[in-house]
Amino acid sequence: MPVGHVLTKKTRGIILCALLVTSPLGACSSTTVQSTKSAQFTGPVKRLFIDMDMGEGLRTTVDDETGDFIATVKNTLASCGTDSDFHTRDALALNDTMPDRIRKFGPDSVLSIRWLSAQTQGATYIIHYQLRLTDLKSKSVVWTAIIDLHHQWSPAEKMAEAIIGRLKTDGLINSVCVAAGPK
């Protein structure tokens, strides 16, 4: 547009309509999950220890939804026939309690969730996570995933859905269970 060009009322209206139509589309972008599973691992996992480093990903302007995430995943896994225990990483802890907790719980596998990075895209917050499932019997990583969590609201619910959905799809947990809320 040339300098000094004045937008007509009609042109401004068209631009406003275009912005109103396209803005929500960016806010509704979906969460993506990519995963790879070892052909030798048959599953399903019956006892799962989850080691989490979620970064700022489950925090909203109102609340920290880490507790809701843990409760939702724990309840859903229970409905799938999988017992679970969680460990949240504390960067300032002098002693790591995770090895003792793993020993006491006695899991088949350990799922580690690591925050990689985050960015904003308009009103949407995008968080990138890496997940690795280690089979303790073979002492090897048998499944990996990258989750790009897109959210404006309810990051705990969206992250829980993404993880549980992919674990079901990849045959790591019973696929006939139902999603449960934090209760």
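Counting with mature numbering (1 follows the signal peptide of the UniProt record, and there is no 0), you get residues -27 to -1, 1 to 156 for the letters of the sequence shown. C-beta: ideal position from N, C-alpha, C; glycine also. Predicted, not measured: the structure shown is a model, and the values here were computed from it.
Asked                                                                                                                                                            : Found
Suppose you measure from the CA of Asn147 to the CA of Trp126; what does that come to, to the nearest Å?                                                         : 28 Å
Quick check: the Cα distance between Asp41 and Ala12, rounded to an integer number of angstroms?                                                                 : 33 Å
First and last residue of the alpha helix (DSSP H) that includes Met71?                                                                                          : 71 to 78
Within 9 Å of any Cβ in chain E, is that where the Cβ of Leu145 sits?                                                                                            : Annotation note: the requested chain E is absent from the structure, which comprises a single protein chain.
Between the Cα of Lys110 and those of Tyr98, His124, Asp81, spot the shortest distance and give me the residue it belongs to.                                    : Asp81
Leaving out the 5 sequence neighbours to the left and right, which residues in its chain are closer than 8 Å to Ala(-1) when beta-carbon positions are compared? : With a pLDDT of only 44 at Ala(-1), under 50, the local geometry of the prediction cannot be trusted, and no value is derived from it.
Around the C-beta of Thr49, are 16 or more other C-beta atoms found within 10 angstroms, so that it is buried, or is it exposed?                                 : buried
Over what stretch of residues does the alpha helix (DSSP H) that includes Asp41 continue unbroken?                                                               : 39 to 52
By the DSSP assignment, the beta strand (DSSP E) with Ile10 in it spans what residues?                                                                           : Looking at the sequence itself, residue 10 is Lys, so the reference to Ile does not match. Run containing Lys10: 5 to 10, per the beta strand (DSSP E) assignment.
Straight-line CA distance for Gln103 to Met71?                                                                                                                   : 19 Å
Assuming His123 and Ile99 form a contact by the criterion Cβ under 8 Å, report the distance between their Cβ atoms to the nearest whole angstrom.                : 5 Å
Candidates Val6, Thr107, Phe78: which alpha carbon is nearest Gly16's?                                                                                           : Thr107
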